[in-house]
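Asker:
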Amino acid sequence: MTNKQQAALEQASAGPGLFFGMELLGWYRSVKRDLPWRENRDPYRVWVSEIMLQQTRVDTVIPYYKRFMDKFPTIRHLAEAPEEEVLKCWEGLGYYSRARNLQAGAQQVVSEYGGSVPDDKTAVAALKGVGPYTAGAIMSIAFNRPEPAVDGNVMRVLSRYFCLEDDIAKPSVRTGIERIAAALIPEGAAGDFNQGIMELGALICTPKSPGCLICPVMAECAGRLAGRELELPVKTKAKPPRPELRLAALVEGAGPHAGAILVRQRPESGLLARMWELPHVLAPGGGSAGPVAAGSAAAAGPVRGRRRSTAALDAPAAAGEAAASPGANREARMALMGRALAEEARLLIRPRRWWRDAEHVFSHIRWDLQVYLADFGFVLKDAASAGGTQAGAYTGLAAEQPAAYMAGSGETAEAAQRETAASYDHAGLPLASAALVDRLPEGYRWIRQDDMKEMAFPNVFLRLLNDYWEQRESGCLPDEAEAE
DNA sequence: AAACCGTGGCA
DNA sequence: TTGCCAAGGTT
Numbered sequence: 001m002t003n004k005q006q007a008a009l010e011q012a013s014a015g016p017g018l019f020f021g022m023e024l025l026g027w028y029r030s031v032k033r034d035l036p037w038r039e040n041r042d043p044y045r046v047w048v049s050e051i052m053l054q055q056t057r058v059d060t061v062i063p064y065y066k067r068f069m070d071k072f073p074t075i076r077h078l079a080e081a082p083e084e085e086v087l088k089c090w091e092g093l094g095y096y097s098r099a100r101n102l103q104a105g106a107q108q109v110v111s112e113y114g115g116s117v118p119d120d121k122t123a124v125a126a127l128k129g130v131g132p133y134t135a136g137a138i139m140s141i142a143f144n145r146p147e148p149a150v151d152g153n154v155m156r157v158l159s160r161y162f163c164l165e166d167d168i169a170k171p172s173v174r175t176g177i178e179r180i181a182a183a184l185i186p187e188g189a190a191g192d193f194n195q196g197i198m199e200l201g202a203l204i205c206t207p208k209s210p211g212c213l214i215c216p217v218m219a220e221c222a223g224r225l226a227g228r229e230l231e232l233p234v235k236t237k238a239k240p241p242r243p244e245l246r247l248a249a250l251v252e253g254a255g256p257h258a259g260a261i262l263v264r265q266r267p268e269s270g271l272l273a274r275m276w277e278l279p280h281v282l283a284p285g286g287g288s289a290g291p292v293a294a295g296s297a298a299a300a301g302p303v304r305g306r307r308r309s310t311a312a313l314d315a316p317a318a319a320g321e322a323a324a325s326p327g328a329n330r331e332a333r334m335a336l337m338g339r340a341l342a343e344e345a346r347l348l349i350r351p352r353r354w355w356r357d358a359e360h361v362f363s364h365i366r367w368d369l370q371v372y373l374a375d376f377g378f379v380l381k382d383a384a385s386a387g388g389t390q391a392g393a394y395t396g397l398a399a400e401q402p403a404a405y406m407a408g409s410g411e412t413a414e415a416a417q418r419e420t421a422a423s424y425d426h427a428g429l430p431l432a433s434a435a436l437v438d439r440l441p442e443g444y445r446w447i448r449q450d451d452m453k454e455m456a457f458p459n460v461f462l463r464l465l466n467d468y469w470e471q472r473e474s475g476c477l478p479d480e481a482e483a484e
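When we follow full-length UniProt numbering, the leftmost residue of the first sequence carries the number 1, and every step to the right adds one.
1) By the DSSP assignment, the alpha helix (DSSP H) with GLN370 in it spans what residues?
2) Is it buried or exposed for GLU80, if we count other Cβ within 10 angstroms and need 16 for buried?
3) Is it buried or exposed for THR2, if we count other Cβ within 10 angstroms and need 16 for buried?
4) Residues bridged to HIS280 by DSSP?
5) DSSP three-state call for ASP450: helix, strand or coil?
6) Please classify SER159: is it buried, with 16 or more other beta-carbons within 10 angstroms of its beta-carbon, or exposed?
7) Going by DSSP, what residue range makes up the beta strand (DSSP E) through ASP357?
8) Give the list of continuous alpha helix (DSSP H) stretches no shorter than 4 residues that lie fully inside the UniProt domain "HhH-GPD" (52–203).
9) Buried or exposed for LYS88, going by 16 or more other Cβ atoms inside 10 Å?
10) With DSSP as the reference, identify every bridge partner of TYR444, one or two as the case may be.
11) Near PHE72, what residues of its chain come up, given a Cβ to Cβ distance below 7 Å and the 5 sequence neighbours on each side ignored?
12) In the DSSP assignment, what residue or residues form a beta bridge with ARG242?
13) According to the neighbour-count rule (16 or more other Cβ atoms, all chains shown, within 10 Å of its Cβ), is GLY392 buried or exposed?
14) Curious, which full-length alpha helix (DSSP H) runs of at least 4 residues does the segment 2–41 contain?
15) Indicate the three-state DSSP secondary structure (helix, strand or coil) for VAL48 in the structure shown.
16) Going by alpha carbons, who is nearest to ALA254 out of LEU230, VAL263, TRP446?
17) Inspect the beta-carbon positions of GLU23 and PRO148 and report whether they are closer than 8 Å.
18) On a Cα-Cα basis, can you pick out the residue from ALA342, LEU247, ILE365 that is closest to MET334?
19) Just to confirm the assignment, what range does the alpha helix (DSSP H) spanning VAL234 have?
20) Do GLU50 and ILE185 have their CB atoms nearer than 8 Å?
21) So, do the segment 195–214 and the segment 257–273 have three or more beta carbon pairs nearer to each other than 8 Å?
22) Between the segment 34–49 and the segment 201–208, can you find at least three pairs of beta-carbon atoms closer than 8 Å?
23) Rounded to the nearest angstrom, what separates TRP355 and ASP467 at their Cα positions?
24) For my contact list, GLU344 and VAL281 are in at a C-beta cut-off of 8 Å; report their separation, rounded to the angstrom.
25) Taking the alpha carbon of VAL106 as the reference point, which residue from PHE162, PRO43, THR56 has its own alpha carbon closest?
26) Beta-carbon separation of ARG264 and GLU277 under 8 Å?
27) Quick one: what's got a C-beta closer than 8 Å to ARG145's C-beta in the same chain, skipping five residues either side?
28) Have a look at ILE180 and VAL117 and give me their C-alpha separation to the nearest angstrom.
29) Just to confirm before moving on: does the CB-CB distance between ARG242 and ILE365 stay below 8 Å?
30) Tell me the rounded alpha-carbon separation between GLU10 and PHE162.
31) In chain order, what residues of the same chain lie with their CB nearer than 6 Å to the CB of LEU348, ignoring the 5 residues before and after it?
32) Out of GLU331, ARG45, ALA219, point me to the one whose CA is closest to PHE68's CA.
33) Give the range of the alpha helix (DSSP H) segment to which ARG472 is assigned.
34) Please report how far the alpha carbon of GLY338 lies from the alpha carbon of TYR113, in whole angstroms.
35) Which of the three DSSP states is assigned to ALA342 in this structure?
36) Report, in whole angstroms, the separation of the C-beta atoms of VAL150 and GLU178, which I expect to be a contact under 8 Å.
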């Protein structure tokens with residue numbers, strides 16, 4: 001502990017600490033909000049709420065919490081549910097590993113503790129997705145055990161109250177503040193105290209404009225008395241997310257798949273694990289590295305005559321991209337996307353035209369998405385069954401065959417099993433025929449609007465897809481409007 | 001320690 | 001409009 005933390009700990013155990021605890025308890029019990037997870041102290045309900053509230057605002061959580069408890073009213077319901085249903089229930093809430101960990105934790109409780117959350121800090125802390133804060137919150141709120149629950153609110157409140165200048169962004173600082181918080185807990189009132197100090201941070205001792213004049217502990221707040229409440233807490237700024245330019249394909253089906261579009265499921269781990277999305281590829285050079293695939297752009301030939309009516313629509317989404325960047329980039333990127341999807345998924349499509357841009361910001365990455373409408377071509381046999389025809393397949397820029405693009409239709413794909421080599425023109429379109437299969441690549445499927453009710457999508461794709469269905473239904477898609 | 005993991009509200 | 005940040009955990 002730092003010297004200041006040490007001094008604060010001594011105060012917390014003495015007069016100022018007693019003052020803080022008593023004033024806070026009185027205040028909390030008189031003003032506490034009526035929240036759905038405060039109906040009772042059922043450990044399962046407390047647990048679910050604490051997981052949902054991680055890095056997430058109360059107002060955002062409330063509807064999710066109600067839906068979740070409605071669908072999974074007991075630990076056993078959650079433990080036995082299909083994982084997709086849990087994920088779908090979490091759709092839009094973010095940090096989706098929380099959902100998987102919560103269900104794994106529920107299964108742990110069923111198998112190890114007969115379905116009841118144990119009144120034991122070590123056991124609770126060992127549950128998946130339960131860290132120091134959440135363990136303390138569950139133990140204090142559900143079981144009234146005198147454990148600290150130190151989150152961002154508590155660190156802010158105590159930094160100000162004791163005028164601590166430690167950088168709360170450092171993991172080591174939280175440990176010191178935990179000791180102080182533990183010393184402040186009034187006898188027999190751990191649950192209300194911990195909820196009260198968080199409530200104070202959320203309603204009064206807010207980050208930007210704290211309401212010191214109505215704060216129940218203002219009289220003894222060292223930060224306020226020093227006039228430094230706005231400088232505290234000290235917290236180093238997070239690194240800005242790195243930009244990534246991503247090219248997404250909105251592939252419209254034909255033939256038996258007319259009216260459907262192509263989506264794929266993400267891998268089991270990592271970013272947005274197991275969620276569904278539009279197929280997309282990372283543009284080389286990332287989002288800030290200037291011209292993307294300049295060589296391809298040069299080879300792309302003249303742009304088509306059809307242009308958007310508003311210049312702003314073509315504004316570069318990627319940071320650092322020259323503002324004067326011409327619309328030819330769209331053509332180059334369509335070609336790039338077509339080739340990359342062929343390489344990565346052996347999925348052959350014909351990108352038709354730019355539809356719209358979208359942005360999706362994660363904590364550490366910013367996706368600048370360019371979405372292109374595309375027709376389905378066909379699916380190449382995988383490398384194994386294609387028997388080595390792959391090698392030359394994607395280097396066919398100087399193709400010897402005449403262009404014979406196979407128009408996208410379900411029948412084409414289902415004709416299947418043609419044993420011919422494939423090559424591609426400079427726009428990324430397949431030339432001649434290829435070795436075909438009649439099934440989609442692993443993880444891909446055609447969906448209609450109705451299918452989305454059972455599939456979890458990240459918000460950015462949810463918005464894109466909903467807008468797409470809506471626009472198509474009302475005949476407002478660009479191509480349809482201009483095709484007349 | 002530092003990077004990885006979402007999303008929305010607000011000034 | 002952009003930046004900040006919220007009831008954090010895991011690796």
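Using N, Cα and C, we set each Cβ at its ideal position, and we do this for glycine too.
Just so we're clear, the structure is a prediction, and the values are computed from it rather than from any experiment.
Answerer: Looking at the coordinates:
1) Here GLN370 belongs to no alpha helix (DSSP H); instead the beta strand (DSSP E) covers 365–380.
2) exposed
3) exposed
4) ALA248
5) helix
6) Around the C-beta of SER159, 16 or more other C-beta atoms lie within 10 Å, and the residue is accordingly described as buried.
7) 347–361
8) 58–71, 75–80, 83–90, 97–113, 121–125, 132–143, 152–161, 171–184, 190–203
9) buried
10) ARG264
11) LEU78, ALA81
12) For ARG242, which the question treats as bridged, DSSP gives the partners ILE365.
13) Because GLY392 carries a pLDDT of 31, less than 50, the predicted location of this residue cannot be relied on, and the following value inherits that uncertainty. When all chains shown are included, GLY392 counts as exposed.
14) 3–12, 15–31
15) helix
16) When only C-alpha atoms are compared, the closest one is TRP446.
17) no
18) LEU247
19) Where VAL234 is concerned, there is no enclosing alpha helix (DSSP H), given that its DSSP letter is neither H nor E.
20) no
21) no
22) Contact between the segment 201–208 and the segment 34–49 is not established, with fewer than three Cβ pairs separated by less than 8 Å.
23) 11 Å
24) 7 Å
25) One detail in the question is off: residue 106 reads as Ala in this sequence, not Val. Nearest of PHE162, PRO43, THR56 to ALA106, Cα basis: PRO43.
26) Yes, they are a contact pair.
27) ASP119, LYS121, MET139, ALA190
28) 27 Å
29) yes
30) 11 Å
31) Residues ALA342, GLY377, PHE378, PRO430 of the same chain have their beta carbon placed closer than 6 Å to that of LEU348, with the five preceding and five following residues left out of the count.
32) With distances taken between Cα atoms, PHE68 lies closest to ARG45.
33) 459–473
34) 52 Å
35) Here ALA342 sits in helix by DSSP.
36) 5 Å
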